[in-house]
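**Q**
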Amino acid sequence: MATQKKLSFEPGERDMALRSHEFGTRYEDGTMGKQTTTFVGYRYENGDTIMEKTVGITAVTGVQLILENVVRSCGMLWRANSNHKRDLESRVFACGSRRNCL
């Protein structure tokens with residue numbers, strides 16, 4: 091309980107997530123390229139934290155897809171199979187918040 095109180099947000103406080111990734115890419119014609127993705131997210135006031143939205147919901151949804159045998163492969167699947175990407179995106183976006191998802 092004491093730790094939970096220490097880690098709780100005070101009124102007006104919120105968390106933030108900042109991510110930037112660079113990926114080296116080899117295209118079908120053999121040329122090389124670079125893709126960059128950047129994300130900045132914040133907790134909405136009195137809402138789910140950005141960690142819940144970006145990590146928790148995505149992880150739980152991925153586990154659900156595995157348990158339901160929608161995903162039968164292993165490894166890094168995001169770019170490898172667009173069907174998995176569509177399944178995960180549609181479920182995560184449909185959640186809106188963890189209360190609607192779990």
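If you read the sequence shown in the working numbering, its first letter stands for residue 91, the second for the next number, and so on.
For every residue, glycine included, the Cβ atom is placed at its ideal position computed from N, Cα and C.
1. With a threshold of 6 Å on Cβ separation, who are the neighbours of Ser98 within its own chain once the five nearest residues in sequence on each side are excluded?
2. Between the Cα of Ser180 and the Cα atoms of Val130, Thr121, Ile147, Glu103, which residue gives the shortest distance?
3. For Ser110, which residues of its own chain have a beta-carbon under 6 Å away from its beta-carbon, when the five flanking residues on both sides are left out?
4. Any idea what DSSP makes of Thr115, helix, strand or coil?
5. So the alpha helix (DSSP H) Thr148 belongs to, where does it begin and stop?
**A** In short:
1. none
2. Ile147
3. Thr128
4. strand
5. 147-157
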